[in-house]
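As given, the protein sequences belong to chains A and U, one line each in that order. The working numbering numbers the first residue of the first sequence as 75 and each following residue consecutively. The working numbering numbers the first residue of the second sequence as 327 and each following residue consecutively. Yeah, the Cβ is synthetic: ideal placement off N, Cα and C, and Gly gets one too. Quick notes on the structure that follows.
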Amino acid sequence: GQNIDQPTEMTATEGAIVQINCTYQTSGFNGLFWYQQHAGEAPTFLSYNVLDGLEEKGRFSSFLSRSKGYSYLLLKELQMKDSASYLCAVRPLAGTALIFGKGTTLSVSS
Amino acid sequence: EPEVTQTPSHQVTQMGQEVILRCVPISNHLYFYWYRQILGQKVEFLVSFYNNEISEKSEIFDDQFSVERPDGSNFTLKIRSTKLEDSAMYFCASRDTGTHEQFFGPGTRLTVL
């Protein structure tokens with residue numbers, strides 16, 4: 075079976091740093107993805123990890139530990155426009171479909 | 327910048343009717359997907375398509391659903407005999423060969439009355 079857990083909601087203030095955690099238990103593993111989804115819009119790709127370690131891309135970084143079934147998305151220098159849902163998704167070994175978690179709704183206040 | 331497009335943006339239908347949701351993937355992409363998201367719930371995989379055939383499908387994708395690539399640019403999802411619980415946002419996505427990123431379209435909001 076597939077199980078992906080992430081917190082439902084988080085709040086933070088402008089300029090701060092926030093870490094969104096994701097734990098997964100899947101029947102296979104061929105990569106972990108983070109997507110951003112603004113309300114009523116399509117998910118947009120943020121990051122991809124398949125090996126252990128940290129991937130940095132501008133203000134956003136993503137970390138993976140395969141042995142722990144754990145990932146986090148780190149957002150630095152938060153801006154109001156970062157208010158959105160952040161979706162953790164796993165690609166099981168057997169195919170290329172993405173299995174999504176329920177998402178973490180981040181609210182950034184001034 | 328190339329993008330995935332979907333039509334219509336919103337479709338309202340009566341229970342029991344058939345609907346066809348249309349997608350134009352990014353032109354050089356060969357892998358296509360349909361996902362759905364019921365309001366307030368997670369994004370769920372329906373089906374993936376490659377080389378003119380289904381490569382993977384979820385348990386949601388039963389005989390009520392079908393996909394087709396009728397020409398070189400369109401990719402469609404047909405839902406026969408719609409039910410109330412089919413009301414959701416349906417997203418099409420495409421992916422280029424040798425890459426990991428799936429590009430999502432803006433979605434079609436299906437409302438079944």
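Check: Residues, ordered as in the chain, of the segment 162-173 of chain A that lie near chain U by beta-carbon distance below 9 Å; Outcome: A163, R165, A168, G169, T170, A171, L172 and I173
Check: Stretch pair the segment 120-136 of chain A + the segment 75-83 of chain A: three plus CB contacts closer than 8 Å; Outcome: no
Check: Closer than 8 Å to chain U by CB, P81 of chain A; Outcome: no
Check: First through last residue of the beta strand (DSSP E) which encompasses F375 of chain U; Outcome: V369 to Y376
Check: As assigned by DSSP and simplified to three states, the class of D412 of chain U; Outcome: helix
Check: Where K131 of chain A sits in the DSSP three-state scheme; Outcome: strand
Check: Residue range of the unbroken beta strand (DSSP E) whose run includes I380 of chain U; Outcome: E379 to K383
Check: Cβ neighbour criterion (16 or more within 10 Å) applied to Q343 of chain U; Outcome: exposed
Check: Y144 of chain A vs Q110 of chain A beta-carbon contact at 8 Å; Outcome: no
Check: Cβ of H336 of chain U within 8 Å of any chain A Cβ; Outcome: no
Check: Spatially closest choice to M154 of chain A from A:A116, A:L106, A:G75 and A:V182, by CA coordinates; Outcome: A:V182
Check: Simplified DSSP state of D126 of chain A, which is helix, strand or coil; Outcome: coil
Check: According to DSSP, residues forming a beta bridge with K404 of chain U; Outcome: U:I346 and U:S392
Check: Within-8 Å CB hit, A113 of chain A to chain U; Outcome: no
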